[in-house]
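Every position in the sequence shown, counted from 1, becomes a number in the numbering used here once 7 is added. Notes follow once the structure below has been shown.
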Amino acid sequence: MNQQKKFRPTLKLTVSALLAFVILVTTASLTWLNYQSSTKTLKQFSTEVIEKTSGVVAEQVNSFFREAKTTNKLILKLADSELINTKNLIEVERYFFNFLSTHENVTMLNFGNLNGDYVMVRRTSEGGLDTKLILRDKFEKNKVLWKRRKAGARFDNFHEDWQDDSYDPRLRPWFDGAMMFGKLFWTNVYVFYTSKTPGVTTSVPLKDNIGRIKGVLAVDVDLMDLSIYLKNHIKVGKTGRSFIIDEQRRVVAIDDPDNLTGTPTGESKQRLYKISENSAHEIKSLRTNEEFIDYYRMVFHQNMIPPGQKTIYYKVDGIQYISRLNTVNFDDGKRWLSVIVAKEDDFVGVAKRARTHNMIIGIIFTVLALLLGMFIASRIVGRLRELVIESQKVKVMQLDDNTSDSNFKEIHEVLQAFEGMKTGLRAFKKYVPVNLVRKLITNKTEPTLGGVPKTLTILFSDIQDFTSISEKLSPTELGNYLGDYLTIVAGEVLNSEGTVDKYIGDAVMAFWGAPNEVENQAQKACEAALLITKKLEQFHDDHPDMPVFHTRIGIHTDNVVVGNFGSTERLNYTVIGDGVNLASRIEGVNKFFGTQILISEDTKNLIGEDFECRKMGEVEVKGRSKPAIIYELVGHKSEMSLPQTQANRLLEEAVEFFEKGNPQAAFERLNKAKALAPDDKVIHCMEKFIKETQEGEHYHQWSGVIKVDSK
8 MNQQKKFRPT
18 LKLTVSALLA
28 FVILVTTASL
38 TWLNYQSSTK
48 TLKQFSTEVI
58 EKTSGVVAEQ
68 VNSFFREAKT
78 TNKLILKLAD
88 SELINTKNLI
98 EVERYFFNFL
108 STHENVTMLN
118 FGNLNGDYVM
128 VRRTSEGGLD
138 TKLILRDKFE
148 KNKVLWKRRK
158 AGARFDNFHE
168 DWQDDSYDPR
178 LRPWFDGAMM
188 FGKLFWTNVY
198 VFYTSKTPGV
208 TTSVPLKDNI
218 GRIKGVLAVD
228 VDLMDLSIYL
238 KNHIKVGKTG
248 RSFIIDEQRR
258 VVAIDDPDNL
268 TGTPTGESKQ
278 RLYKISENSA
288 HEIKSLRTNE
298 EFIDYYRMVF
308 HQNMIPPGQK
318 TIYYKVDGIQ
328 YISRLNTVNF
338 DDGKRWLSVI
348 VAKEDDFVGV
358 AKRARTHNMI
368 IGIIFTVLAL
378 LLGMFIASRI
388 VGRLRELVIE
398 SQKVKVMQLD
408 DNTSDSNFKE
418 IHEVLQAFEG
428 MKTGLRAFKK
438 YVPVNLVRKL
448 ITNKTEPTLG
458 GVPKTLTILF
468 SDIQDFTSIS
478 EKLSPTELGN
488 YLGDYLTIVA
498 GEVLNSEGTV
508 DKYIGDAVMA
518 FWGAPNEVEN
528 QAQKACEAAL
538 LITKKLEQFH
548 DDHPDMPVFH
558 TRIGIHTDNV
568 VVGNFGSTER
578 LNYTVIGDGV
588 NLASRIEGVN
598 KFFGTQILIS
608 EDTKNLIGED
618 FECRKMGEVE
628 VKGRSKPAII
638 YELVGHKSEM
648 SLPQTQANRL
658 LEEAVEFFEK
668 GNPQAAFERL
678 NKAKALAPDD
688 KVIHCMEKFI
698 KETQEGEHYH
708 QWSGVIKVDS
718 K
C-alpha cells in the first residue's frame with residue numbers, strides 16, 4: 008500500500024525559519040510604518056510643488072496676453088490722439104519697429120485699413136525685425152514688399168525683398184472679428200500666415216471722431232514662445248510634463264515645441280495636435296480619465312470656473328502619475344486649461360528607495376543574526392546534505408570519488424559506505440549497458456526475464472586476420488592493444504546513443520533503439536561505423552608500432568526481441584532474432600567482397616541521401632535461405648570525388664548486368680570503373696568473382712544470388 012510522502016522539515020530550515028520570521032516581521036513592520044509616513048509627507052509636498060508650478064504657468068499665460076492687450080490699448084490711444092498718423096504706413100511701421108525694439112515679449116504688430124493696405128513688423132527667430140508692407144494704391148495687388156533686417160539693425164538698414172503674395176488683411180480672422188464686434192477681439196488659436204507657427208491675435212478697431220472704423224490694430228501672441236518658456240522654465244520633478252489645451256482639446260502650448268504642430272497622415276494642412284494625438288502615453292491617456300473629463304466639461308461646457316485647482320492620480324502602463332489641472336482665464340469668456348503631469352516616483356521615489364534601503368539593512372542584520380544561530384546546525388546539516396547529493400549522483404550513475412569527509416563518526420561511516428557502493432556500481436556498469444542501469448535505478452525496478460519486440464539497428468564488428476595477429480604478440484601486448492581498439496569502437500557507439508551489447512574476443516556487438524528510444528537510429532549507426540574506421544586510421548598513424556587492426560563492420564535494421572535473457576540468477580540484456588544473425592553474417596560478407604562496412608537494404612532505406620552507398624548484389628549467407636540485398640557504405644556523399652562517384656555507379660551497373668546474365672557488359676563497366684578508381688580493391692574483387700563465376704561449370708544454373716558460405 009502506497010503511503011503519502013510526508014513533509015519533513017530539516018533542522019537547518021526549522022531553526023532558520025523561526026529566527027528569520029521574528030527578525031523579518033519586526034524589520035518589515037518598522038520599515039512599512041516609516042514608508043507610509045514619509046510617503047504621505049512627500050505626496051503633500053509634491054502636490055504643493057505642482058500647485059505652485061501650475062500657478063506660475065497660468066500667470067505666464069496671462070502675462071503674454073496682458074502684454075498684448077496693453078500694447079493694443081496704447082497704440083489705439085496714440086492713434087486716437089493723432090500721435091501716430093495711421094494714414095502714413097511708413098510712420099506706423101517706424102513706430103511698430105521702435106515698439107518691438109523695446110518690448111521683447113511682443114512678437115508681432117499689425118495694422119490694416121479698409122482699403123487692404125497693411126503693415127506688419129515681426130520679430131524673427133534670429134532677433135531681427137522684418138517688415139511686411141502692402142500699399143495697394145502704389146503696388147500691384149499681388150506684390151508685397153518685405154524689408155529684411157538683421158539683429159540690431161536700424162530702421163533704415165534693410166534689404167528689400169519683393170514677393171508674390173495674395174495676403175489681404177481684410178480676410179483675416181483678427182480683422183473680421185474686430186470689425187464685427189467693434190471692440191477688443193481675441194481670435195481662436197490658428198496657424199499664422201507668415202511664420203506658420205500657432206498663435207492668438209488680439210485686435211481692436213481704430214475709429215475716427217464720428218465713430219467710423221478706419222482700420223484694425225492687432226498684436227500677435229506666438230504660442231511657440233509660450234512653449235519655449237514651458238520647456239526652459241517649467242521643471243516638475245525629473246520627468247514632469249507641462250502643456251495647455253483649449254476647448255477643442257488642442258494642445259496650444261507644450262514643453263516639447265517641436266511636436267506642437269504638424270500635418271497628420273491623410274491631411275494637407277498644418278495644424279495643432281490634439282491631446283489624443285500626443286505620443287506620450289501619460290498625456291494621451293488623460294483623454295479617457297473620468298476625473299479629467301469632468302473637470303474639462305466644467306471649464307468649457309458648463310461655463311463655470313471650477314473651485315481652485317484639481318489634482319488627479321492615475322496609472323499608465325503600471326506607472327503612477329500625478330496631474331494638476333488649472334483654469335487659465337485671460338479675458339472675458341476666454342479660458343484655457345493648464346495641465347502638469349509627473350511621475351509619482353519623482354516625489355515619493357525617495358521614500359520608496361528609503362524603504363528598500365531599510366529593508367536591505369534589515370535583511371543584512373537578519374542574515375548576520377541567523378549566521379550565528381545556524382552555525383552549529385550547518386555543521387551537521389551540511390554533511391547530511393552531502394549524503395543527499397551523493398545519493399542523487401548515484402541515481403543518475405555519476406560515480407566519481409567523493410573526497411569530502413566529516414568529523415562526525417556516524418556521517419563519516421555513511422560516506423564510506425557510499426564510496427563502497429559507488430565502487431561496486433562502477434564495476435557493475437562496465438559489465439552492463441550504463442543506460443540500462445540508469446533506467447533501472449530511475450524507475451526503481453528490478454530486471455526480469457523476458458523481452459519485447461522492437462525495431463533496432465544492430466552492428467557487428469570484427470578484426471581482419473586477428474588470429475594471425477595475436478600469434479605474433481604476447482598476451483600482455485595483445486590485451487593492451489585490443490583494449491585501445493575496443494575503447495575507440497565502443498566510444499563511438501556510446502557517443503552516437505548506441506548500446507554496447509557484448510565483446511566477443513575482438514568482435515563487438517552493439518545496437519541502437521534500446522533501452523532508450525533513439526531517433527534516426529540507422530543513420531546514427533552508420534555515422535558511428537564511419538567514425539570508427541576514421542579514428543582507427545588516425546590511431547594507427549599516431550601509433551606506427553602497433554599492429555594494424557583492419558575492422559570489418561556489418562549493420563542491419565530489423566524487428567527483433569530485446570530484453571533480459573538467461574537464468575533467474577544471472578541475466579544478460581541483449582537482442583535475439585533472425586535480424587541479429589543477419590547482421591553478424593553481413594559483417595562476415597566483407598571478407599568476400601574486400602569491403603570494410605556493409606549494410607542491409609533495410610538499413611540503407613532508412614539513412615537518407617547523405618550517405619554514399621553502392622549495391623553489392625543479392626547475397627545468401629550461411630545458415631539463412633532467404634537472400635538479402637547488401638550495400639557497401641562508402642562514406643558521405645559530400646566527401647566523394649566525381650571520379651569515385653562515377654566509379655561507384657559503374658560498379659552497381661556491372662552488378663546489375665551480371666545478375667541479368669550479361670557478364671560482358673559487366674566487365675565493360677568494371678574496366679571503366681577501374682580506370683576511374685584504380686586503387687579501389689572492391690572493384691577488383693567483384694571482377695574476380697564475376698570471372699570465376701562465369702568460368703565455373705555450374706554458371707548456366709546461377710540464379711543471380713551470391714552465396715557466401717563462410718562466416
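We put the CB at the ideal spot given by N, CA and C, even for glycine.
Range of the contiguous beta strand (DSSP E) that encloses Gly349:
The sequence shown places Ala at residue 349, rather than the Gly named in the question. That run of the beta strand (DSSP E) goes Lys341 to Lys350.
Strictly by DSSP, which residues pair up with Ile606?
Ile562 and Tyr638
Note down, in chain order, each residue of its chain lying with its Cβ closer than 6 Å to the Cβ of Ala672, except the 5 sequence neighbours on either side.
Phe664
Endpoints, alpha helix (DSSP H) assigned at Lys542:
Gln528 to Asp549
Secondary structure at Gly703, three-state DSSP: helix, strand or coil?
coil
From the DSSP output, read off the bridge partner residues of Lys509.
Met516
Quick one: what does DSSP say Glu659 is sitting in, helix, strand or coil?
helix
Distance between Ser503 and Gly601 (C-alpha atoms, nearest Å)
26 Å
When the Cα atoms are used, what is the spatial distance from Leu493 to Asp513?
8 Å
Apart from the five residues on each side of it in sequence, which residues of its chain come closer than 7 Å, Cβ to Cβ, to Arg177?
Gly119 and Gly123
Return the first residue and the last residue of the alpha helix (DSSP H) that Met127 is part of.
Not the alpha helix (DSSP H): Met127 falls in the beta strand (DSSP E), residues Tyr125 to Arg130.
Once you ignore the five residues that flank Tyr102 on each side, which residues in its own chain have a CB closer than 7 Å to its CB?
Ile91
Please tell me whether Leu107 and Val99 are closer than 7 Å, where the distance is taken between their beta carbons.
no
Classify Arg219 as buried or exposed, calling it buried when 16 or more other Cβ atoms lie within 10 Å of its own Cβ.
exposed
How far does the beta strand (DSSP E) with Phe619 in it extend, from its first residue to its last?
Checking the sequence shown, residue 619 turns out to be Glu, not Phe. Glu619 -> beta strand (DSSP E) spans Phe618 to Val628.
With distance defined between alpha-carbon atoms, name the residue in Ile97, Ile319, Gly62 and Asp163 nearest to Asn720.
Nothing in the structure corresponds to residue 720, since the chain is present only between 8 and 718.
Roughly how many whole angstroms lie between the Cα atoms of Arg592 and Pro522?
24 Å
Short CB-CB distance (under 7 Å) between Ala86 and chain D
Among the chains of the structure shown, chain D does not appear; only one protein chain is present.
Beta strand (DSSP E) runs wholly inside the stretch 203–263, at least 3 long, in chain order:
205–214, 220–229, 248–252 and 258–261
Would you check if the distance between the CB atom of Glu594 and the CB atom of Asp472 is smaller than 7 Å?
no
Integer-rounded CB distance, given that Val569 should sit under 8 Å from Leu463:
6 Å
Am I right that Ser345 and Ile251 are in contact with their C-beta atoms under 8 Å? What's the rounded C-beta distance?
5 Å
Determine the burial state of Pro460: buried for a count of at least 16 other Cβ atoms within 10 Å of its Cβ, exposed for fewer.
exposed
DSSP has Thr138 in a bridge; who is on the other side?
Val128 and Lys154
Any non-hydrogen atom of the ligand PLP within 6 Å of Thr602 CB
Only the bare structure without any ligand can be found here, which leaves the ligand PLP out of the picture.
Does the contact criterion of 3 or more C-beta pairs under 8 Å hold for the stretch 197–215 versus the stretch 72–83?
yes
Just verifying my parser: in three-state terms, what is the DSSP assignment at Gln277?
coil
Is it the case that the Cβ atoms of Val641 and Glu619 are separated by a distance below 7 Å?
yes
Going along the chain, which residues of its own chain have a beta-carbon closer than 6 Å to the beta-carbon of Tyr125, five neighbours each way excluded?
Gly119, Ile141 and Pro176
Which whole-angstrom value is the C-beta distance of Lys714 and Glu627, which I expect to be below 8 Å?
5 Å
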